[in-house]
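Residue numbers (our numbering), protein chains in the order written: chain A, 1 to 597; chain B, 1001 to 1372. Beta carbons: idealized from backbone N, C-alpha and C, even for Gly. As the structure is a prediction and not an experimental result, all values here were calculated from the model.
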């Protein structure tokens, strides 16, 4: 034992060759691990300023501050996260909820500053990608690891083969369970509100829907949209384009959420419980009973004005009624929301076309203010030979007559020209009216079509044959003057300088033919302002192309007391823009008539 | 006695809160007669950060970065417990791979906690080589943690629904290397610490507690196993995938400081075995079943008590939900609350002042877990 103890210390010699724990010269720099969580790096150009990082921060270390030289615009704000490193605990949850992936934690973990409170070198600053650049190492997010709810609840649809034979709705509607799950995906960043022309309070109503409190949701809808279920069915949903979850995953189905919540409430008036307004004894005339006119009428009634709508047709709803086919917007939804507005005491003069049944001068004399919301009801033609043939018609006319229950006669082979939503509606309506083959000719590529993607997909699923990059040049008539065929050329796309979209140029020497018996034009619409007398038309200021009326921030045209909105003002030409214009004009008329400003 | 020539027989000592022989920010007030302690009073509270209350004001997911701070040397049981509790309340399925990863993380954490324990108790007894070695070797394990979780100490890795990231590439091999290294070093540790006559003299028969008394007073974990009682939550109430893993629960019968250190030493080997089994048998698949939207996710109303075997004893979380987006109440049952207040106050009586630090280290008291 004693001898063993004597030799025992010498066994320590075996540690001589070991790699030491302590730092030796030359100094070896520590190599951080690949996913180490160090200081933040943020791509200020890519960051959209949604503020999710500030919301999730347990330590409340992140504050959103306005930054000057960052991109601004659709779907983004000028706010960027500012991190207080006196609080930050480097957990990386801010990165895991970043919808763009612009925020990262770098592998930089050492930083020395002389004055921690200095605004330039201090420990509170806005991370960018210069101070601590991300160089491939650090904590980043991906769809797999993101804490965001990137998967959406898909809206169930009827089978294309089944639905293409009738005018029943294409979508089946959400179940309550799916709607609640979908609503719970919202992070509340409110970027979507920038997308909505009328600025609906989307995060607020999604929150109400998530709590299954549909009455509160309806209350929020009606702050700036009196047609929520219609919008919840056919809106162009710019909000969903802006939704931050759409960057890495699928955006929230904001449109259908709204439609679902509105459909859960039968009696809006009872739920809203607006008090009886004080009578103003001032009269407002509204020309056109479309979404803009109805919206203006609703908000003016709430303020106590006497409102009269002059509607040329025998139905209200404008393009919602005569433009949008019933398989997209059921009649019951239209009735419910339009009747609700009329119930507030709006007077409607049906079959009264201004300029024919009643003159504009008369309105100007008898009413204190006028709102023009006549929309685009005049279809454009291509101006090619043979357009006078029997069987050539405008999509606007075709859809209107179909929606009013007197569908025009069409043949078995139908050609629709155009690439917008109207063209899609025309093709699908033609299918439902019994056309055996429906062709869609568009001069650009399918990706260039202005129609929404879902409309394109639905039309394709129903069997519409897309013919991109084709240009009709002549309609061939038979002996009776009916359409026999359409001659066309193919086009090629020529890139344009300055980032403009490529221009289609016809390839002249190859002419082909389609055998069709009906041609429907859906190449665009124009306003019909012929109801205005010359004297007024001269005073009315139009934009440089002469297609839209110029209005000020209150919705007033260059004629005092005359307001306008909807398609004739707004190049976006959709229902929600018309609602936004109607809402704006109602405020403007109120200001104008109450002598404020 | 006339007061002027009064002989002072009893002293009051204040050990801590800043004292090299104290684990963390903690204080003990002693009353001693000469060198023999008559009375000890544990004084926690220097580290109180109000975590339990704070958690009531944070969304469910936002508590994840906070819970690990409840126990600095062994943070992972907190993360796993919080996640397990929330998952049980919410009925959230955990992917199998995530359960195996959690076991691996828990055992890695146990190894590094025991290494720092052995370093600590040796340091308190003046054996300064041991803390150097242990801290250095522990760093190799922390390197693995850094690769896996992105951080060395506060890993913030386990989240309700699984774990936040999958294993990085080549991680298994590097972890095996580290385990092999630590296993090889165990012999050296044994000779350095347990063969050392100073260590033996200072620890054998010192700071003993009666097994029955230990059970009565809520002693758990290695401290209880050092009294010869085979109690381990991993065996008694298996969680995660511990029921599929083979390992031994070492016990000692000395009831003293030596036994308590020895238990930890043996557990390092057991934990290495467990991690190796996990690496061999871990299935492939998803690692995270995402809970709901972090700012909106509501956990159904109810309450749950979950417990795991941490390096210090039984760690438990009692979580109450009122169905809201935030916990209604989270109560942490930390082993140090028992060991660090009542047990140490009793054990110190009759010991010498010089033994205060070693006894405290031997019980593996973690003051942040008393003051959560």
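Which residue's Cα is closest to the Cα of residue i: the options?
{"i": "residue 1071/B", "options": "1093/B, 1025/B and 1209/B", "result": "1025/B"}
{"i": "residue 1158/B", "options": "1212/B, 1331/B, 1120/B and 1063/B", "result": "1063/B"}
{"i": "residue 1248/B", "options": "1254/B, 1339/B, 1237/B and 1273/B", "result": "1273/B"}
{"i": "residue 503/A", "options": "469/A, 475/A, 479/A and 474/A", "result": "469/A"}
{"i": "residue 388/A", "options": "404/A, 397/A and 475/A", "result": "475/A"}
{"i": "residue 167/A", "options": "291/A, 432/A and 229/A", "result": "432/A"}
{"i": "residue 1210/B", "options": "1308/B, 1167/B and 1228/B", "result": "1228/B"}
{"i": "residue 1318/B", "options": "1041/B, 1365/B, 1088/B and 1269/B", "result": "1088/B"}
{"i": "residue 1449/B", "options": "1027/B, 1007/B and 1010/B", "result": "Any question about residue 1449/B goes unanswered here, given that chain B covers just 1001 to 1372."}
{"i": "residue 190/A", "options": "76/A, 463/A, 310/A and 478/A", "result": "76/A"}
{"i": "residue 1142/B", "options": "1328/B, 1105/B, 1093/B and 1276/B", "result": "1105/B"}
{"i": "residue 305/A", "options": "177/A, 347/A and 158/A", "result": "347/A"}
{"i": "residue 510/A", "options": "472/A, 242/A and 241/A", "result": "472/A"}
{"i": "residue 1212/B", "options": "1253/B, 1164/B and 1040/B", "result": "1253/B"}
{"i": "residue 403/A", "options": "313/A, 195/A, 436/A and 156/A", "result": "313/A"}
{"i": "residue 1078/B", "options": "1312/B, 1350/B, 1323/B and 1341/B", "result": "1312/B"}
{"i": "residue 151/A", "options": "135/A, 173/A and 182/A", "result": "182/A"}
{"i": "residue 1115/B", "options": "1103/B, 1099/B and 1132/B", "result": "1132/B"}
{"i": "residue 1250/B", "options": "1243/B, 1265/B and 1240/B", "result": "1265/B"}
Taking Cβ positions, are residue i and residue j nearer each other than 8 Å?
{"i": "residue 1160/B", "j": "residue 97/A", "result": "no"}
{"i": "residue 1358/B", "j": "residue 1257/B", "result": "yes"}
{"i": "residue 585/A", "j": "residue 371/A", "result": "yes"}
{"i": "residue 345/A", "j": "residue 400/A", "result": "no"}
{"i": "residue 1036/B", "j": "residue 1299/B", "result": "no"}
{"i": "residue 380/A", "j": "residue 232/A", "result": "no"}
{"i": "residue 1148/B", "j": "residue 1167/B", "result": "yes"}
{"i": "residue 130/A", "j": "residue 36/A", "result": "no"}
{"i": "residue 1097/B", "j": "residue 1230/B", "result": "no"}
{"i": "residue 386/A", "j": "residue 482/A", "result": "no"}
{"i": "residue 1075/B", "j": "residue 1287/B", "result": "no"}
{"i": "residue 395/A", "j": "residue 374/A", "result": "no"}
{"i": "residue 1238/B", "j": "residue 1267/B", "result": "no"}
{"i": "residue 323/A", "j": "residue 289/A", "result": "no"}
{"i": "residue 45/A", "j": "residue 70/A", "result": "yes"}
{"i": "residue 187/A", "j": "residue 55/A", "result": "yes"}
{"i": "residue 292/A", "j": "residue 238/A", "result": "no"}
{"i": "residue 155/A", "j": "residue 174/A", "result": "yes"}
{"i": "residue 1207/B", "j": "residue 1336/B", "result": "no"}
* Asked: Is there contact here, the region 480-495 of chain A with the region 197-206 of chain A, by at least three beta-carbon pairs under 8 Å?
  -> no
* Asked: Does the region 1186-1194 of chain B touch the region 1159-1178 of chain B, meaning 3 or more C-beta pairs lie closer than 8 Å?
  -> no
* **Segments assigned alpha helix (DSSP H), at least 4 residues, entirely inside the region 1225-1256 of chain B** => 1233-1236
* Continuous alpha helix (DSSP H) assignments of at least 4 residues falling wholly in the region 1089-1125 of chain B -> 1096-1124
* Asked: Of the residues that make up the region 81-92 of chain A, which ones have a beta carbon closer than 8 Å to any beta carbon in chain B?
  -> Going along the region 81-92 of chain A in chain order, one finds 89, 90, 91 and 92 with a Cβ nearer than 8 Å to chain B.
* Any contact of the region 281-289 of chain A with the region 367-381 of chain A, i.e. 3+ C-beta pairs under 8 Å? -> yes
* Asked: Are the region 241-257 of chain A and the region 579-595 of chain A touching by the rule of at least three beta carbon pairs closer than 8 Å?
  -> no
* Asked: On the three-pair Cβ rule with 8 Å, is the region 254-274 of chain A touching the region 203-216 of chain A?
  -> yes
* Could you run through the region 1116-1139 of chain B and flag, in chain order, every residue whose CB is less than 8 Å away from some CB of chain A? => If the cut-off is 8 Å between Cβ atoms, the region 1116-1139 of chain B has 1132, 1133, 1135, 1136, 1137 and 1139 near chain A.
* Cβ-based contacts, 7 Å cut-off: residues of the region 1293-1317 of chain B near chain A -> 1293, 1294, 1295 and 1296
* **Residue ranges of each alpha helix (DSSP H) within the region 200-266 of chain A, 4 or longer** => 202-210, 214-224, 228-234, 238-242, 245-248 and 254-263
* What are the start and end residues of each continuous beta strand (DSSP E) run of 3 or more residues lying completely inside the region 81-156 of chain A, in chain order? -> 103-106
* **Runs of alpha helix (DSSP H) wholly within the region 1259-1331 of chain B (minimum 4 residues, chain order)** => none
* **Chain-ordered residues of the region 175-189 of chain A with a beta carbon less than 8 Å from chain B** => Within the region 175-189 of chain A, the residues whose Cβ lies closer than 8 Å to some Cβ of chain B are 184, 185, 186, 187 and 188, listed in chain order.
* To do: Residues of the region 1096-1114 of chain B with a CB closer than 7 Å to any CB of chain A: list them in chain order, please.
  => none
* Name the residues in the region 127-143 of chain A whose C-beta lies less than 9 Å from a C-beta of chain B; which are they? -> 138 and 139
* Asked: Counting Cβ pairs, one atom from each stretch, are 3 or more of them under 8 Å apart for the region 397-412 of chain A and the region 492-509 of chain A?
  -> no
* If you scan the region 501-564 of chain A from start to end, which runs of the beta strand (DSSP E) of 3 or more residues do you find wholly inside it? -> 503-515, 518-521 and 562-564
* Does the region 1364-1371 of chain B come close enough to the region 1324-1335 of chain B to have 3 or more Cβ pairs within less than 8 Å? -> yes
* To do: Would you check if there are 3 or more beta carbon pairs closer than 8 Å linking the region 113-133 of chain A to the region 73-91 of chain A?
  => Counting Cβ pairs under 8 Å, three or more are found: they touch.
* Check whether the region 87-103 of chain A touches the region 143-152 of chain A, taking contact to mean three or more Cβ pairs, one atom from each stretch, closer than 8 Å. => yes
* **the region 452-463 of chain A touching the region 560-567 of chain A, judged by at least three CB pairs closer than 8 Å** => no
* Asked: Which of the residues in the region 1075-1091 of chain B, read from start to end, lie with their CB under 7 Å from any CB of chain A?
  -> none
* To do: Run through the region 460-492 of chain A for me and flag every whole beta strand (DSSP E) of 3 or more residues, listed as ranges in chain order.
  => Uninterrupted beta strand (DSSP E) stretches at least 3 residues long and entirely within the region 460-492 of chain A occur at 465-468 and 470-477, given in chain order.
* Quick one: which unbroken alpha helix (DSSP H) runs of 4-plus residues sit fully inside the region 308-365 of chain A? Chain order, please. => 319-322 and 331-342
* To do: Mind checking the region 1243-1268 of chain B against chain A and listing, in chain order, the residues whose C-beta falls within less than 9 Å of any C-beta there?
  => none
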